[in-house]
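Undergrad: Protein sequences appear in the order of chains A and B. Residue numbering for the first sequence follows my numbering, beginning at 39 and increasing consecutively. Residue numbering for the second sequence follows my numbering, beginning at 39 and increasing consecutively. We put the CB at the ideal spot given by N, CA and C, even for glycine. On a predicted model such as this, the values are computed, not experimentally measured, just so you know.
2 protein chains.
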Amino acid sequence: MDNDELPADVALMWRLREPSRRGPKPSLSLDDIVAAAIALADAEGLAAVSMARVAERLGNSTMALYRHVKSKDELFVMMSDAALERPDPMPEGIDWRTGLTFWADGVLTAIRRHPWYSKLPISGPPAGPNNLAWFDSALGVLKDTGLPEEAKVGVVMGLITYVQGEVRMAFDLAAGYQDNPDAFRKFGATLRRVADPRVYPAVVRTVEAGVFDEVGTFEEDSEADFDFGLQLYLDGVAAFIDRVGGPRPQPSP
Amino acid sequence: MDNDELPADVALMWRLREPSRRGPKPSLSLDDIVAAAIALADAEGLAAVSMARVAERLGNSTMALYRHVKSKDELFVMMSDAALERPDPMPEGIDWRTGLTFWADGVLTAIRRHPWYSKLPISGPPAGPNNLAWFDSALGVLKDTGLPEEAKVGVVMGLITYVQGEVRMAFDLAAGYQDNPDAFRKFGATLRRVADPRVYPAVVRTVEAGVFDEVGTFEEDSEADFDFGLQLYLDGVAAFIDRVGGPRPQPSP
DNA sequence: CCTTACTGCGTATCTCATACGCTAAATAGC
DNA sequence: GCTATTTAGCGTATGAGATACGCAGTAAGG
Numbered sequence: 039m040d041n042d043e044l045p046a047d048v049a050l051m052w053r054l055r056e057p058s059r060r061g062p063k064p065s066l067s068l069d070d071i072v073a074a075a076i077a078l079a080d081a082e083g084l085a086a087v088s089m090a091r092v093a094e095r096l097g098n099s100t101m102a103l104y105r106h107v108k109s110k111d112e113l114f115v116m117m118s119d120a121a122l123e124r125p126d127p128m129p130e131g132i133d134w135r136t137g138l139t140f141w142a143d144g145v146l147t148a149i150r151r152h153p154w155y156s157k158l159p160i161s162g163p164p165a166g167p168n169n170l171a172w173f174d175s176a177l178g179v180l181k182d183t184g185l186p187e188e189a190k191v192g193v194v195m196g197l198i199t200y201v202q203g204e205v206r207m208a209f210d211l212a213a214g215y216q217d218n219p220d221a222f223r224k225f226g227a228t229l230r231r232v233a234d235p236r237v238y239p240a241v242v243r244t245v246e247a248g249v250f251d252e253v254g255t256f257e258e259d260s261e262a263d264f265d266f267g268l269q270l271y272l273d274g275v276a277a278f279i280d281r282v283g284g285p286r287p288q289p290s291p
Numbered sequence: 039m040d041n042d043e044l045p046a047d048v049a050l051m052w053r054l055r056e057p058s059r060r061g062p063k064p065s066l067s068l069d070d071i072v073a074a075a076i077a078l079a080d081a082e083g084l085a086a087v088s089m090a091r092v093a094e095r096l097g098n099s100t101m102a103l104y105r106h107v108k109s110k111d112e113l114f115v116m117m118s119d120a121a122l123e124r125p126d127p128m129p130e131g132i133d134w135r136t137g138l139t140f141w142a143d144g145v146l147t148a149i150r151r152h153p154w155y156s157k158l159p160i161s162g163p164p165a166g167p168n169n170l171a172w173f174d175s176a177l178g179v180l181k182d183t184g185l186p187e188e189a190k191v192g193v194v195m196g197l198i199t200y201v202q203g204e205v206r207m208a209f210d211l212a213a214g215y216q217d218n219p220d221a222f223r224k225f226g227a228t229l230r231r232v233a234d235p236r237v238y239p240a241v242v243r244t245v246e247a248g249v250f251d252e253v254g255t256f257e258e259d260s261e262a263d264f265d266f267g268l269q270l271y272l273d274g275v276a277a278f279i280d281r282v283g284g285p286r287p288q289p290s291p
């Protein structure tokens, strides 16, 4: 009665199954499988990750994988924890606002290494060791804010939502751009052809102002957008802390 | 040289192909196909939408669909425009902030009718008639803010990103909850079993405070969270308008 | 009437996930 | 050591799914 009762995925992510004593030595490990799947996703996208392709990379048969993961979905869950790796350690004594900015940039960097990450569904609370480390890192930086624990969780969850949303949009658009750059480059022309000013007056006004005629360079823009939105969110958090957080050190009169 | 040069999907979304003169009368229309696919997705989720199942619903063969859409992906693009329907007309004379709140609530309501919407990739700028109508509606409400057109677009894109991110997270979690409620209910217990205080000090502190021991009821929470984040974003927009927007009417001294 | 463009559809191919059961390896208990 | 038990890898089979290809019948244009 130790690691029983844990959801199977969680036990697997934490590698809690005691190694088997009998039977042949495994020639394959869960880590190998997950690493191969991640490498494949990095190289060819999440759609290229099939059990067969992963096995091929490992020089094993397809069905051998099923001795280590119950299903492809379970493999995805493992990938989603493994891909994030560990956060860089939070600098000592950093204030919460700088800390959360540091944290968000870290998430962004981590996901950029594995863009498919944002296509995986978030199936639950952050239960894997790496996800939990990120969660811990963000919670820790709020330690001295005086917020009740529950509010800290709310703040961090909101931040996660913001970051994930921003990342997903950026990567979806980037993928769409690669598939079909013309849809972006010709967007202004398209609207001119298609948008009736009586039905879409505001759009047409914008088009006439030439806003969509410049080539989109979201690679550069998106970083700035991300920071803009983030600082906005942190402004809100600051107001929240002032309202709800306990007394904080003030310069004595 | 009229609707040439338009991306194929866009032309299709706007129904710009002139009806064929010769040959048998089509027994199937694009609208039927898209409607059937949407009904199927509503009933059984996006994963249940296969060309075969859609055709079955229409009493046609699978391959008949390919006379109307080039691929399943194209069908998805059609679905993503059709599912949003049209926004409710923006009330006359509404101020921008109330207007954007109204707009965001409208998006939320529209997506709630078709939860799978947020699983579809955003492949490009809003080019379909319905998407464009939403875009126009949000842009229109910013008319009197004095913002340059380009800034209006930025504000609206940011809002779209926020809403989409929030919605996706909420629906992913809701789906995860349905699949496996225990992962949520036992989350506190799981962490107690698995989280070492030396590695995850902040998480353990939160767990000890009992934050994760209450049954999650995000159905109720998520509405409030959504509004909270939205108002935060709008606060930021207000500051932006004050800074960048042109002069606005002031009570004369 | 016949050519032509077009619709619906049957068939075939290829890729996938995954169930089932066999074989062989390694250990535990004798 | 010997044997029973447990387990890893894998071959095969099944069923779903996307989609290429080509045929057959249909309706408008000439």
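In chain order, what residues of the same chain have a beta carbon less than 6 Å from the beta carbon of serine 118 of chain A, not counting five sequence neighbours either side?
TA: Same-chain partners within the cutoff: Leu158.
Undergrad: My output table needs one value for aspartate 69 of chain B: the three-state DSSP class, helix, strand or coil.
TA: Three-state result, aspartate 69 of chain B: helix.
Undergrad: Where tryptophan 172 of chain B and alanine 121 of chain A are concerned, what is the direct C-alpha to C-alpha distance, given to the nearest angstrom?
TA: Rounded to whole angstroms, tryptophan 172 of chain B to alanine 121 of chain A spans 36 Å at the Cα level.
Undergrad: Buried or exposed for glutamate 204 of chain B, going by 16 or more other Cβ atoms inside 10 Å?
TA: Flag for glutamate 204 of chain B reads buried.
Undergrad: Note down, in chain order, every chain A residue with its Cβ under 7 Å from the Cβ of lysine 181 of chain B.
TA: Near lysine 181 of chain B (Cβ distances below 7 Å), the residues of chain A are Ala240.
Undergrad: Could you check if alanine 221 of chain B is buried or exposed, using at least 16 other CB atoms within 10 Å of its CB as the buried criterion?
TA: When all chains shown are included, alanine 221 of chain B counts as buried.
Undergrad: Note the first and the last residue of the continuous alpha helix (DSSP H) segment covering proline 239 of chain B.
TA: Per DSSP, proline 239 of chain B belongs to the alpha helix (DSSP H) from 239 to 246.
Undergrad: First and last residue of the alpha helix (DSSP H) that includes glycine 203 of chain B?
TA: Element bounds for glycine 203 of chain B: 187 to 217.
Undergrad: With a threshold of 16 other CB atoms inside 10 Å of the CB of arginine 206 of chain B, please say whether the residue is buried or exposed.
TA: Buried, because 16 or more other Cβ atoms sit within 10 Å of the Cβ of arginine 206 of chain B.
Undergrad: Closer than 7 Å between beta carbons: that is the criterion. Which residues of the region 46 to 57 of chain B meet it against chain A?
TA: Answer in chain order: Val48 and Trp52.
Undergrad: Are the C-beta atoms of aspartate 251 of chain B and some chain A residue less than 8 Å apart?
TA: Aspartate 251 of chain B does not count as touching chain A.
Undergrad: Would you identify the three-state DSSP class for serine 99 of chain A, choosing helix, strand or coil?
TA: Residue state, collapsed to three classes: coil.
Undergrad: For a test of the three-state rule: what should DSSP assign to methionine 117 of chain B, helix, strand or coil?
TA: In the structure shown, methionine 117 of chain B sits in a helix (DSSP, three-state: H, G or I).
Undergrad: Using 8 Å as the Cβ pair cut-off and three pairs as the minimum, do the region 188 to 198 of chain A and the region 212 to 226 of chain A touch?
TA: Result no; under three Cβ-Cβ pairs closer than 8 Å.
Undergrad: Using C-beta distances below 7 Å, list every residue in its chain close to aspartate 126 of chain A, excluding the 5 sequence neighbours before and after it, in chain order.
TA: Only Gly144 meet the Cβ criterion.
Undergrad: Is any non-hydrogen atom of the ligand ADP found closer than 7 Å to the C-beta of alanine 208 of chain A, if you look at the structure I gave you?
TA: Of the ligands one can find in the structure shown there are none, so the ligand ADP has no counterpart to examine.
Undergrad: Compare the Cα-Cα distances from arginine 124 of chain B to each of B:Gly166, B:Glu261, B:Thr139 and B:Leu50 and report the closest residue.
TA: Nearest option by C-alpha distance: B:Gly166.
Undergrad: Give the interface partners of serine 109 of chain B over in chain A, defined as CB-CB distance under 9 Å, in chain order.
TA: Simply none; closest approach about 12 Å.
Undergrad: Between leucine 84 of chain A and leucine 78 of chain A, what straight-line distance do the alpha-carbon atoms span, to the nearest angstrom?
TA: Roughly 8 Å separates the two Cα atoms.
Undergrad: Grouping DSSP H, G and I as helix and E and B as strand, with all else coil, what is aspartate 265 of chain A?
TA: Correct three-state label for aspartate 265 of chain A: helix.
Undergrad: Can you give me the C-alpha to C-alpha distance between glutamate 130 of chain A and alanine 240 of chain B, rounded to a whole angstrom?
TA: One C-alpha to the other measures close to 14 Å.
Undergrad: If you follow the alpha helix (DSSP H) that alanine 142 of chain B is in, where does it begin and where does it stop?
TA: Its alpha helix (DSSP H) spans residues 134 to 151.
Undergrad: If distances are taken between C-alpha atoms only, which option among B:Pro164, B:Asn169 and B:Val194 comes closest to leucine 177 of chain B?
TA: Checked all of B:Pro164, B:Asn169 and B:Val194; the closest Cα to leucine 177 of chain B is B:Val194.
Undergrad: Could you list which residues in chain B have their beta carbon closer than 9 Å to that of asparagine 218 of chain A, in chain order?
TA: Going along chain B in sequence order, the residues near asparagine 218 of chain A (Cβ under 9 Å) are Pro45, Asp47, Ser161 and Gly162.
Undergrad: Within 10 angstroms of its Cβ, does alanine 61 of chain B collect 16 or more other Cβ (buried), or is it exposed?
TA: Note that residue 61 of chain B is glycine in the sequence shown, not alanine. Per the 10 Å Cβ criterion, exposed.
Undergrad: What residues in its chain sit with their C-beta under 6 Å from that of valine 201 of chain A, if we drop five residues either side in the sequence?
TA: The residues are Ala142 and Val145.
Undergrad: Please state if the CB of aspartate 263 of chain A and the CB of glycine 162 of chain B are separated by a distance shorter than 8 Å.
TA: Contact flag unset, no.
Undergrad: What does the alpha-carbon distance come out to for the pair phenylalanine 225 of chain A and alanine 75 of chain A?
TA: In a straight line, the C-alpha of phenylalanine 225 of chain A is about 36 Å away from that of alanine 75 of chain A.
Undergrad: Does the beta carbon of glycine 83 of chain A sit closer than 8 Å to a beta carbon anywhere in chain B?
TA: No - not a single Cβ of chain B is within 8 Å of the one on glycine 83 of chain A.
Undergrad: Identify the continuous alpha helix (DSSP H) that holds alanine 165 of chain B and give its terminal residues.
TA: Here alanine 165 of chain B belongs to no alpha helix (DSSP H), and DSSP marks it neither H nor E.
Undergrad: List the endpoints of the continuous alpha helix (DSSP H) containing arginine 231 of chain B.
TA: It spans 225 to 232 - the alpha helix (DSSP H) in which arginine 231 of chain B sits, taken as one unbroken run.
Undergrad: Helix, strand or coil for serine 175 of chain A? Go by DSSP, reduced to three states.
TA: Helix at serine 175 of chain A.
Undergrad: Inspect the beta-carbon positions of threonine 100 of chain A and methionine 89 of chain A and report whether they are closer than 8 Å.
TA: In this structure, methionine 89 of chain A lies closer than 8 Å to threonine 100 of chain A by Cβ.
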